[in-house]
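To convert, note that position 397 of the sequence shown is 1098 in the numbering used here; the numbers rise steadily by one, no gaps.
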Amino acid sequence: MTQQTARICILGGGFGGLYTALRLSQLPWEATQKPEIVLVDRSDRFLFSPLLYELLTGELQTWEIAPPFEEILQGTGVRFYQAVVSGIDTDQQRVHLQDGPEIPYDRLVLALGGETPLDMVPGAISYAHPFRTINDAYRLEERLRVLEESELDKIRVAIVGAGYSGVELACKLADRLGERGRFRLIEISDQILRTSPEFNREVANKALEARGVFLDLETKVESIEQDTISLEYKNQVDTIPVDLVIWTVGTRVAPVIKALPLKQNQGGQISSESTLQVLGHPEIFALGDLVDCRDAEGQQVPATAQAAFQQADYTAWNIWASLTNRPLLPFRYQQLGEMMALGIDNATLSGLGIKLDGTLAYIARRLAYLYRMPTLDHQLKVGFNWLVRPIIETLSE
702 MTQQTARICI
712 LGGGFGGLYT
722 ALRLSQLPWE
732 ATQKPEIVLV
742 DRSDRFLFSP
752 LLYELLTGEL
762 QTWEIAPPFE
772 EILQGTGVRF
782 YQAVVSGIDT
792 DQQRVHLQDG
802 PEIPYDRLVL
812 ALGGETPLDM
822 VPGAISYAHP
832 FRTINDAYRL
842 EERLRVLEES
852 ELDKIRVAIV
862 GAGYSGVELA
872 CKLADRLGER
882 GRFRLIEISD
892 QILRTSPEFN
902 REVANKALEA
912 RGVFLDLETK
922 VESIEQDTIS
932 LEYKNQVDTI
942 PVDLVIWTVG
952 TRVAPVIKAL
962 PLKQNQGGQI
972 SSESTLQVLG
982 HPEIFALGDL
992 VDCRDAEGQQ
1002 VPATAQAAFQ
1012 QADYTAWNIW
1022 ASLTNRPLLP
1032 FRYQQLGEMM
1042 ALGIDNATLS
1052 GLGIKLDGTL
1062 AYIARRLAYL
1072 YRMPTLDHQL
1082 KVGFNWLVRP
1092 IIETLSE
């Protein structure tokens, strides 16, 4: 009697989903045990999101930070479906795809990431630009080009949220627009980068100051119109003219996840064991933005790319262990530090006892991210391009 092949279905091809799929394909399965691995994502490309900012300054190209899944998964045995997940039946163990097949599963990985909530403020859906996906970057690029080609003397940009994304965007765009740019960074709390190490916050404050970025701290966005933004500071509302609003605040769990009959926290994140198995459903694993997880030490795991990258290793191992009757490992999160780009050829880095800023931090950040690129083939292509491109640019001057 032949044993039926197990099917592992991974929903979401970000750091959590893609790296779980790649790791699963590398584990030592016996020939009779090797499962079918299916990866589903709505996009045809993986996005190395920490480098998305570099697209806006022309420092990097799309192929470097957003390679097609078909290319990355070549030779791995992982099947890829480009589709939107329309529903999940946890009782029947089936995934429903919009305009696509129904996928039965033996193990399910939920790694759909989050969405930017634009309905928190009147006018944001119509007039604010989110910055999370490759399509967000393309739309923002289009708007920037229109503004740059216009007759405007000054281009007024308001960025909502002074977390990593807001600060990195402010510095990159200030370098791109130069003297024409007028920037406001709007933050509801009393400081930028609230969760960052002190060193990174200080370096970022200096970078913003050097670029003339105006900080609106303890300020709330009341509404956004086509060419204005209304801000509330100490119970007083001011309406300010603006040419571009970028929204970087908040993460919302996808509706398809919220609709699941699984234990969730107030924000809709799914509760999991330290093994990353969903409470009450050992056949379902959850990681990244959509999971509320404490690791083996009891520490809350942050919803960052770094955490999803680490969770992917454990998820793959634990799926393999659960299908081969081995013990599962509780996730142990390692805080490896924090890196941020602060404009062109400039960054800050702190972690593992190291503190760097300026060009050296910029190079270290690039090398760290090169090491984390999904496959050796892509690492070599991108690394070679990073070495050769400056030489070509110097020769063509």
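C-beta atoms are modelled at their ideal positions from N, C-alpha and C, and glycine is treated no differently.
### Query
Where do the N-terminal and C-terminal ends of the alpha helix (DSSP H) with A875 fall, by residue?
865-878
### Query
Skipping 5 residues on each side, what residues in its chain have a beta carbon closer than 7 Å to that of E1039?
S897, P898, N901, S1051, G1052
### Query
Any idea which residues DSSP pairs L945 with across the strands?
V858
### Message
Let's see if you can read the secondary structure: which residues bound the alpha helix (DSSP H) around G1100?
### Response
Any answer about residue 1100 is impossible in this case: the structure gives the chain only from 702 up to 1098.
### Task
Report yes if the C-beta of L1077 is less than 6 Å from at least one heavy atom of the ligand ATP; otherwise report no.
The model depicted lacks the ligand ATP and carries no ligand whatsoever.
### Task
Could you tell me whether the region 883-892 touches the region 756-766, where touching means 3 or more Cβ pairs closer than 8 Å?
no
### Task
Compute the Euclidean distance between the alpha carbons of W948 and H830, then round it to the nearest angstrom.
6 Å
### Task
Go ahead and label I941 buried or exposed: buried means 16 or more other beta carbons lie within 10 angstroms of its beta carbon, across all protein chains shown.
exposed
### Message
On the DSSP bridge list, what partners appear for G934?
### Response
The sequence as given places Tyr at residue 934; Gly does not occur at that position. DSSP, once it has assigned bridges, lists T920, Q937 as partnering Y934.
### Query
When you compare only the Cα positions, how much space is there between Y806 and P1031?
23 Å
### Query
What are the start and end residues of the alpha helix (DSSP H) that includes T1049?
Segment 1048-1052 is the beta strand (DSSP E) holding T1049; no alpha helix (DSSP H) there.
### Message
Along the chain, where does the alpha helix (DSSP H) containing R840 start, and where does it finish?
### Response
835-850
### Task
For the region 974-1031, list the alpha helix (DSSP H) runs that are entirely contained and at least 4 residues long, ordered along the chain.
1006-1024
### Task
Give the C-beta separation of R724 and A1048 to the nearest angstrom, bearing in mind that I take them to be a contact with Cβ-Cβ under 8 Å.
Between A1048 and R724 the Cβ distance is about 28 Å, and since that is not below 8 Å, they are no contact.
### Task
Within its chain, find whatever has a CB closer than 6 Å to the CB of R895; leave out the 5 residues flanking it on each side and keep chain order.
none
#### Entry: S972 - partner residues in DSSP beta bridges
D993
#### Entry: Spatial neighbours of Q1080 in its chain, beta-carbon cut-off 8 Å, leaving aside the 5 residues before and after
L1071, Y1072, M1074
### Query
What does a CB cutoff of less than 6 Å around G780 pick up in its chain, not counting 5 residues either side in sequence?
Note that residue 780 is Arg in the sequence shown, not Gly. V739.
### Query
Between the Cα of D939 and the Cα atoms of D928, E923, L945, which residue gives the shortest distance?
E923
### Task
Check the DSSP bridge columns for T929 and list the partner residues they point to.
P942
### Task
Could you check which residue in A722, T1095, R808 has the C-alpha nearest to that of Q775?
A722
### Message
For a quick check, are the C-beta atoms of G814 and G713 less than 7 Å apart?
### Response
yes
### Query
Given that a residue counts as buried once 16 or more other Cβ atoms are within 10 Å of its Cβ, and exposed if not, what is L910?
Here the sequence assigns Glu to residue 910, which means Leu is not the residue at that position. Exposed: under 16 other Cβ atoms inside 10 Å.
### Task
Could you tell me the distance, in whole angstroms, from the CA atom of T703 to the CA atom of R746?
Here the model assigns T703 a pLDDT of 43, short of 50, so the residue's position is not dependable and the matter cannot be decided.
### Message
The alpha helix (DSSP H) that contains A908, what's its start and end?
### Response
899-911
### Message
Between which residues of its own chain and L1024 is the CB-CB distance below 6 Å, once the five residues before and five after are set aside?
### Response
A707
### Query
Are the beta-carbon atoms of V669 and L945 separated by less than 7 Å?
Here the chain has residues from 702 to 1098 only, and residue 669 is not among them.
### Query
Do you know offhand how far L1096's Cα is from D1046's?
20 Å
### Query
According to the neighbour-count rule (16 or more other Cβ atoms, all chains shown, within 10 Å of its Cβ), is K873 buried or exposed?
buried
### Query
In the structure shown, what three-state DSSP assignment does F781 receive?
strand
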